[in-house]
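Below: one structure, written as structure tokens.
Protein chains: 2
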Amino acid sequence: MLSKKTQYALKALGYLSARYGQGPVLIAEISKKKKIPLKFLENILLDLKKHDVLQSKKGKGGGYFLANHPKKTTLADAIRIVDGPIAMLSCVSLNFYERCRDCNEATCGLNKVMAATRDATLKVLLKKTLEDLIDS
Amino acid sequence: MLSKKTQYALKALGYLSARYGQGPVLIAEISKKKKIPLKFLENILLDLKKHDVLQSKKGKGGGYFLANHPKKTTLADAIRIVDGPIAMLSCVSLNFYERCRDCNEATCGLNKVMAATRDATLKVLLKKTLEDLIDS
DNA sequence: TAATATCCTACAAATACAATAGACTAAAAT
DNA sequence: ATTTTAGTCTATTGTATTTGTAGGATATTA
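In structure tokens:
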């Protein structure tokens, strides 16, 4: 299950996607419209900025906005930044790989199954983008 | 990511699958071979028994064994018992559904995307069974 | 220089996860 | 019968993660 933090992040990204090209949006506005705790949201957006998904502008007329067209950022990208690995086990994670103790990957049945699961999940998350987060 | 508890459960189920039809296996044996804390494993196996994945026998010559052929239990079944929902959000979970506050599912972009992700993941986990957990 | 709004670090509270303890029940062997 | 074996059950403890808050620092505009 995605953490609440990640849900907040995706909700905020959806909101910003709907306003892409319309200038900066205040954190306070996103917080209010999407019912996300303000200070928590600050941290989340900052994190997304540091990973080049968002850009920001300070002072009056400032706020946050997407660094690229909503189609350019995949959900896999976004989720990895905020939530970490997409795979169900570290030993099959592409971006957060960790060898598991007491287990030989070459012979481990669980490893193979989880790699197949990761591939299926990732196929969707690499295809879907921030644009798909816009509410209809 | 799967909890450690779930990893332990799947490792244990793989071990029991390899010994299917060969009589009961001691918790202590599984614990030792798969390096799973004994008392923790007790709880996990008991849980799987209560959900009819395992059966047990007490006293000398006792132990745990699969209730059905390893092919009969899907990984989706096993994971749901120990870990809970497979979906990334409760609002798209088939077995652990919860409506999310402050969000209209009919119009929510996130909901649609996560439903698609769930379908892809589930397609694999419903096809794979305990038999696939047997180490080669 | 005053007002605005993001940036940054640290912290606190709440929840979930991992592991252990110890007594209880059932079955088998003697 | 009673001892040994092995699973059953409930509770508790320690640890880690998650969620959320506080308050000042920095940058931008007017």
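Those protein sequence lines, which keep their order, are chains H and W. FYI, my numbering numbers position 95 of the first sequence as 88, with every residue one higher than the one before it. FYI, my numbering numbers position 109 of the second sequence as 102, with every residue one higher than the one before it. Built from N, CA and C at the ideal position, the CB exists for glycine as well. If you're wondering where the values come from, they're calculated on a predicted model, not measured in any experiment.
Around the beta-carbon of H/Gln15, fewer than 16 other beta-carbon atoms lie within 10 Å, marking it exposed. Think of a sphere of 8 Å around the beta carbon of H/Ser(-4): no beta carbon from chain W falls inside it, the nearest being about 10 Å out. Nearest in C-alpha terms to H/Arg12, of all of H/Leu47, H/Phe58, H/Leu(-5), is H/Phe58. Listed along chain H is no residue with a C-beta nearer than 8 Å to that of W/Gly14; the closest approach is about 18 Å.
At least one beta carbon of chain H lies nearer than 7 Å to the beta carbon of W/Asp125. W/Lys53 and W/Glu124 have their C-alpha atoms some 27 Å from each other. If you draw a straight line from the Cα of W/Gln48 to the Cα of W/Asn97, it is about 43 Å long.
Fewer than three pairs of CB atoms, one per stretch, sit closer than 8 Å, so the segment 62 to 78 of chain W makes no contact with the segment 18 to 33 of chain W. Between H/Gly102 and W/Asp128, the C-beta gap is smaller than 7 Å, which places the two residues in contact.
Around the beta carbon of H/Tyr1, a 10 Å sphere encloses 16 or more other beta carbons of the protein chains shown; the residue is thus reported as buried. Note on the segment 49 to 113 of chain W: whole alpha helix (DSSP H) runs with a minimum of 4 residues are 68 to 76, in chain order. Look at the segment 5 to 54 of chain W and you find these whole runs of alpha helix (DSSP H), each 4 residues long or longer: 20 to 27, 31 to 43. Contacts between W/Val75 and chain H, judged by CB atoms closer than 9 Å, are missing: the closest CB pair is about 12 Å apart. Taking 7 Å as the threshold, the shortest C-beta distance from W/Ala71 to chain H does not fall below it. For H/Ala113, at least one C-beta of chain W is nearer than 7 Å to its own C-beta.
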